[in-house]
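2 protein chains.
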Amino acid sequence: MYSAVMSTPERLIEATRALLWDRGYVGTSPKAVQQAAGAGQGSMYHHFAGKSDLALAAIRRTAEELGAEVEAVLGGGGTAYSRIEAYLLRERDVLRGCPVGRLTMDPEIIADPVLRTPVDEVLGRVRARLAAVVQEGLDDGEFGTRLDAEDVAATILATVQGGYVSARAAGTRDSFDRAVRGLLGLLAPRTTGH
Amino acid sequence: MYSAVMSTPERLIEATRALLWDRGYVGTSPKAVQQAAGAGQGSMYHHFAGKSDLALAAIRRTAEELGAEVEAVLGGGGTAYSRIEAYLLRERDVLRGCPVGRLTMDPEIIADPVLRTPVDEVLGRVRARLAAVVQEGLDDGEFGTRLDAEDVAATILATVQGGYVSARAAGTRDSFDRAVRGLLGLLAPRTTGH
DNA sequence: GTCTATAGGCCGATAGAC
DNA sequence: GTCTATCGGCCTATAGAC
Numbered sequence: 274m275y276s277a278v279m280s281t282p283e284r285l286i287e288a289t290r291a292l293l294w295d296r297g298y299v300g301t302s303p304k305a306v307q308q309a310a311g312a313g314q315g316s317m318y319h320h321f322a323g324k325s326d327l328a329l330a331a332i333r334r335t336a337e338e339l340g341a342e343v344e345a346v347l348g349g350g351g352t353a354y355s356r357i358e359a360y361l362l363r364e365r366d367v368l369r370g371c372p373v374g375r376l377t378m379d380p381e382i383i384a385d386p387v388l389r390t391p392v393d394e395v396l397g398r399v400r401a402r403l404a405a406v407v408q409e410g411l412d413d414g415e416f417g418t419r420l421d422a423e424d425v426a427a428t429i430l431a432t433v434q435g436g437y438v439s440a441r442a443a444g445t446r447d448s449f450d451r452a453v454r455g456l457l458g459l460l461a462p463r464t465t466g467h
Numbered sequence: 274m275y276s277a278v279m280s281t282p283e284r285l286i287e288a289t290r291a292l293l294w295d296r297g298y299v300g301t302s303p304k305a306v307q308q309a310a311g312a313g314q315g316s317m318y319h320h321f322a323g324k325s326d327l328a329l330a331a332i333r334r335t336a337e338e339l340g341a342e343v344e345a346v347l348g349g350g351g352t353a354y355s356r357i358e359a360y361l362l363r364e365r366d367v368l369r370g371c372p373v374g375r376l377t378m379d380p381e382i383i384a385d386p387v388l389r390t391p392v393d394e395v396l397g398r399v400r401a402r403l404a405a406v407v408q409e410g411l412d413d414g415e416f417g418t419r420l421d422a423e424d425v426a427a428t429i430l431a432t433v434q435g436g437y438v439s440a441r442a443a444g445t446r447d448s449f450d451r452a453v454r455g456l457l458g459l460l461a462p463r464t465t466g467h
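As they're listed, the protein sequences go chains A and B.
So the first sequence is residues 274 to 467, counted in the numbering used here.
So the second sequence is residues 274 to 467, counted in the numbering used here.
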């Protein structure tokens with residue numbers, strides 16, 4: 274139940290965001306949204322055309338928020354390695370998973386270009402931002418040679434997204450943390466050679 | 274609709290496996306299973322106690338199959354690197370995602386220990402198998418030094434699971450392939466040093 | 001803007017005939 | 001084993017009063 278200081282549309286969007294995160298699109302019903310938002314049936318349909326319209330507003334906001342958070346971490350100062358480390362180690366509710374990545378498992382979202390687009394766009398932006406940082410690191414000789422920045426960026430994003438999967442399967446964030454440590458180990462500047 | 278040469282329970286399990294893969298647990302209804310299996314309502318409830326019982330049979334079989342496939346690839350000959358490469362490059366229906374990993378996004382599966390256990394177990398076994406191969410590679414000096422085999426194994430599994438997420442978001446397998454290439458680049462024996 | 005009433009259909013399951 | 005009938009409840013809206 275969201276605070277009454279928020280407008281009804283606001284509360285509906287926030288309730289939908291939380292439900293999409295936890296239960297996905299298929300598992301989220303208008304009725305559940307209304308109850309969580311403290312709004313009536315007629316009220317919801319007055320402000321939004323229907324379930325998919327409400328989901329679109331929720332997804333857009335979640336995507337926007339994620340994009341801003343990632344930019345805040347990757348746009349900071351320090352070496353490329355330290356910024357990637359900061360991205361990988363940033364606070365996460367690991368067992369809850371990624372509010373955006375989770376949506377890719379929903380067939381109805383993947384099948385609908387309107388709903389899929391914001392999901393595709395943020396993940397694409399995160400990947401591009403990671404690639405830029407990796408490229409900086411390559412230019413500065415921070416990482417091993419002969420690496421492709423776009424490829425490594427895809428690996429970093431995938432490690433995070435897949436880390437959630439492992440962690441949720443196990444019921445503990447342990448495997449997420451392991452995956453991140455493993456990746457950092459592979460990325461780490463090897464000053465001693467081998 | 275599954276071939277009539279299969280018994281009714283067989284057809285029900287196979288239909289459930291396909292639906293769980295594509296639509297998840299929440300998105301899979303007994304009615305849809307019956308139609309796909311060509312079985313009636315009463316028939317389904319005669320062979321299985323209900324939706325979760327049927328899902329359990331389906332999940333167990335899918336998990337078993339995945340475990341065997343992974344073992345076939347990782348248990349083969351060649352260097353550790355080449356076996357990991359074979360695992361990463363094995364044929365996959367990338368846009369369909371992982372039939373096991375997908376289930377971790379289902380709150381009802383994660384919340385039910387009976388349904389979650391087979392999911393947790395296979396992914397755990399895959400990770401352990403990967404770790405053994407990585408350790409062999411470390412012992413043979415194939416990889417950079419100072420790496421933890423368990424951590425790297427978690428990274429490999431996560432890259433695959435997360436690769437599916439990226440690919441489904443984009444609607445193309447491209448980012449999956451990139452993530453894999455990036456990981457192989459990071460793992461690659463660097464004979465030239467840097 | 002919000003409410004209640006109503007709709008047709010699916011949900012997951014049970015009962016009992018054949 | 002498989003069938004049809006039936007269940008209470010939820011799904012996603014729509015309609016129209018207030």
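The C-beta atom is built at its ideal place from N, Cα and C for all residues, glycine as well.
Could you check which residue in the options has the C-alpha nearest to that of residue i?
i	options	result
residue 454(B)	294(B), 301(B), 361(B)	361(B)
residue 449(B)	288(B), 429(B), 282(B)	429(B)
residue 446(B)	367(B), 385(B), 432(B)	367(B)
residue 342(A)	317(A), 371(A), 315(A), 324(A)	371(A)
residue 421(B)	404(B), 369(B), 322(B), 321(B)	404(B)
residue 339(B)	413(B), 290(B), 424(B), 417(B)	290(B)
residue 417(B)	325(A), 376(A), 459(A), 439(A)	459(A)
residue 402(B)	295(B), 304(B), 344(B)	344(B)
residue 440(A)	305(B), 304(B), 383(B)	383(B)
Between which residues of its own chain and residue i is the CB-CB distance below 8 Å, once the five residues before and five after are set aside?
i	result
residue 286(A)	327, 330, 331, 334
residue 309(A)	274, 275, 288, 291, 292
In whole angstroms, give me the CA-to-CA distance for residue i and residue j.
i	j	result
residue 307(B)	residue 297(B)	16 Å
residue 319(B)	residue 397(B)	34 Å
residue 358(B)	residue 349(B)	12 Å
residue 299(A)	residue 409(B)	44 Å
residue 379(A)	residue 412(B)	42 Å
residue 381(B)	residue 388(B)	9 Å
residue 393(A)	residue 278(B)	42 Å
residue 442(A)	residue 374(B)	8 Å
residue 457(B)	residue 451(B)	10 Å
residue 386(B)	residue 369(B)	25 Å
residue 325(A)	residue 395(A)	19 Å
residue 294(A)	residue 437(A)	13 Å
residue 424(A)	residue 305(A)	41 Å
residue 444(A)	residue 444(B)	29 Å
Applying the criterion that 16 or more other CB atoms from any shown protein chain within 10 Å of the CB defines a buried residue, is residue i buried or exposed?
i	result
residue 419(A)	exposed
residue 435(A)	buried
residue 323(B)	exposed
residue 302(B)	exposed
residue 391(B)	buried
residue 336(A)	buried
Can you name, in chain order, every residue of its own chain whose Cβ lies under 7 Å from the Cβ of residue i, other than the five neighbours on each side?
i	result
residue 406(B)	347, 353, 356, 357
residue 400(A)	426, 427, 430
residue 312(B)	281, 284, 285
residue 415(B)	352, 353, 354, 462
residue 314(B)	307
residue 316(B)	281
residue 365(A)	none
Only counting the same chain, and skipping five residues up and downstream in sequence, which positions put a Cβ closer than 6 Å to that of residue i?
i	result
residue 363(A)	346
residue 274(A)	311
residue 376(B)	382, 392
residue 321(A)	327
residue 432(A)	452, 456
- Determine which residues of the region 355–383 of chain B have a Cβ less than 9 Å from any Cβ of chain A, and write them out in chain order. 368, 370, 371, 373, 374, 375, 376, 377, 378, 379, 380, 381, 383
- Item | Positions along the region 448–460 of chain B whose CB lies within less than 9 Å of some CB in chain A | 448, 449, 450, 451, 452, 453, 454, 455, 456, 457, 458, 459, 460
- Quick one, which residues of the region 431–442 of chain B are near chain A if we go by CB-CB under 7 Å, in chain order? 431, 432, 433, 434, 435, 436, 438, 439, 441, 442
- In the region 289–306 of chain A, which residues sit with their C-beta less than 7 Å from some C-beta in chain B, listed in chain order? 295, 296, 297, 299, 300
- For the region 398–411 of chain A, enumerate the residues whose C-beta is nearer than 8 Å to any C-beta of chain B, in chain order. 400
- Query: Closer than 9 Å, Cβ to any Cβ of chain A: which residues of the region 336–348 of chain B, in chain order?
  - Reply: none
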